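To keep things clear, I will list the structure first and then write my remarks on it.
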Amino acid sequence: MKAVVFNQYGGPEVLETTSMKKPSPKPDDILVEVKASGINPVDTYFRKGIREVPSFPHIPHFDLAGVVAEVGSNVQSLEIGDRVWATNIKGTAAEFVTASVDYVYRLPDNISFEEGATLGIPVLTAHLSLYNRAHLKQRENVLIYGASGAVGNAAVQLAVKTGATVLATASSEVKENIAKKAGAHHVINYKNENLEDKVLAATNNEGVDVILDMSLSENMESDFNLLKTGGRIVAIGSPKNNAPELPWRLLNQKHASLLGVLLFTASVDALQYAAAEINDSLTNGSLKPHLATSFKLEEAVKAHKALEANTFNGTIVLQIG
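Counting with UniProt numbering, you get residues 1 to 321 for the letters of the sequence shown.
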């Protein structure tokens, strides 16, 4: 089979396409013929060596959409030919990959393989953040950073469906329009507007119940200032590898919760529950995949360069099948 691999840590140029032996599924696994592989920021961390891989050559990526090609002897939930999407699967940048059925979900008929490959890490993370961690409720206010990105865009759509009032941030007119299209009720361009002033004005000076922050290390004190008493902040990530001081006084005064989220350590039950709700939303049209663009398998270098350059909004995928 063809696969993308890297044999050393480095920039996108370390990626290459090669031929490898097709794997066989264990009794509790399936073999998926990969049609599309989703690319996420975490994939660049492993490629650079910020996070270590077990050995070389290493096949990158964790998300996929494809077709069940073989099933292990103990598998009863899926059959050969089923259309699926999956996450937390090591090595999806290949024509075939084995996967635990725990992390594989049926792909709705109205969703293409390329769209399906955008669902894993971004959309599941958004769902886990809003509901498993923050327990967002109808009529609450939620501030979502980076609403034009893969996680933020999904979070906006899901929160709107819940009946929450959504405030979203953007850094350009193009990104503002993406956030509005996703359904955000208030969009704040933090490049030319004061975020705190705009949030307080939109909430009658009450602040928000929930904040989803992709760069908590840069926004922590401001986040606590914008939080209602009893509010919840979910730290989805922080591009800058630093450790800001936690404002304990504000944390206590606001009777607030600071919550982490990581798909890779979430329980199987939590992921399956989230995936089922995501599939329902995809089927009824209340959730739209945020596909940025696609590249061919042989164009993995270009795809990773585009991701790191922030050339596109949404999830970039590799077309494989």
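Every residue gets a Cβ at the ideal spot worked out from N, C-alpha and C, and that includes glycine. Remember, predicted model here, so these are calculated numbers, not experimental data.
| Item | Value |
| --- | --- |
| Residue 137 classed as buried or exposed, judged by whether at least 16 other C-beta atoms fall within 10 angstroms | exposed |
| Counted within 10 angstroms of its Cβ, other Cβ atoms place residue 296 as buried (16 or more) or exposed | exposed |
| Classification of residue 55 by the beta-carbon crowding that lies within 10 angstroms, buried from 16 upward | exposed |
| For residue 189, the residue or residues it bridges with in DSSP | 170 |
| Proximity below 8 Å, CB of residue 235 to CB of residue 260 | yes |
| Continuous alpha helix (DSSP H) stretch holding residue 103: start and end | Here residue 103 belongs to no alpha helix (DSSP H), and DSSP marks it neither H nor E. |
| Environment of residue 268 [buried if 16+ CB atoms lie within 10 Å] | exposed |
| Residue 57 to residue 7 span [Cα, whole Å] | 5 Å |
| Cβ shell of residue 211 (< 6 Å), same chain only, five flanking positions each side left out | 143, 223 and 233 |
| Element boundaries [alpha helix (DSSP H), containing residue 211] | Not the alpha helix (DSSP H): residue 211 falls in the beta strand (DSSP E), residues 208–213. |
| Distance between residue 60 and residue 118 (C-alpha atoms, nearest Å) | 15 Å |
| Residue 267 in three-state terms, based on DSSP | coil |
| Three CB pairs or more closer than 8 Å across the segment 75–83 and the segment 36–51 | no |
| Three-pair Cβ contact test at 8 Å for the segment 212–219 versus the segment 180–192 | no |
| For residue 305, three-class secondary structure by DSSP | helix |
| Residue 89 versus residue 120: straight-line alpha-carbon distance, rounded | 10 Å |
| Cβ pair count under 8 Å reaching 3, the segment 24–32 against the segment 300–314 | no |
| Close beta carbons around residue 275, own chain, < 6 Å, minus the five adjacent residues each side | 105 |
| Length of the line joining the Cα atoms of residue 66 and residue 173 | 35 Å |
| Cα-Cα separation, residue 285 to residue 108 | 11 Å |
| Residue span of the beta strand (DSSP E) that contains residue 16, given as start and end | 15–19 |
| Candidates 293, 270 and 287, of which the one nearest residue 346 by Cα | Since the first residue shown for the chain is 1 and the last is 321, residue 346 is missing from the structure and cannot be characterised. |
| Which residues DSSP lists as bridging residue 294, in chain order | 317 |
| Whether residue 69 touches residue 31 by CB criterion (8 Å) | yes |
| Close-in-space but distant-in-sequence residues of the same chain around residue 82 (CB under 6 Å, 5 per side omitted) | 68 |
| Residue 180 vs residue 148 beta-carbon contact at 8 Å | no |
| Contact set for residue 86: own chain, Cβ-Cβ below 6 Å, skip 5 residues either direction | 64, 99, 103 and 104 |
| Closest residue to residue 361 among 12, 45, 16 and 162 (Cα-Cα distance) | Because the chain here runs from 1 to 321, residue 361 falls outside it and cannot be looked at. |
| Same chain, Cβ closer than 6 Å to residue 113, five either side skipped, listed in chain order | 35, 36 and 65 |
| Supposed close pair residue 126, residue 167 - CB separation, criterion 8 Å | Residue 126 to residue 167, Cβ: 16 Å. No contact. |
| As assigned by DSSP and simplified to three states, the class of residue 33 | strand |
| Residue 10 versus 292, 19, 46 and 21, residue with shortest Cα-Cα distance | 46 |
| Local conformation of residue 161 per DSSP, three classes | helix |
| Distance, residue 204 Cα to residue 51 Cα | 43 Å |
| For residue 95 and residue 165, the rounded distance between their alpha carbons | 42 Å |
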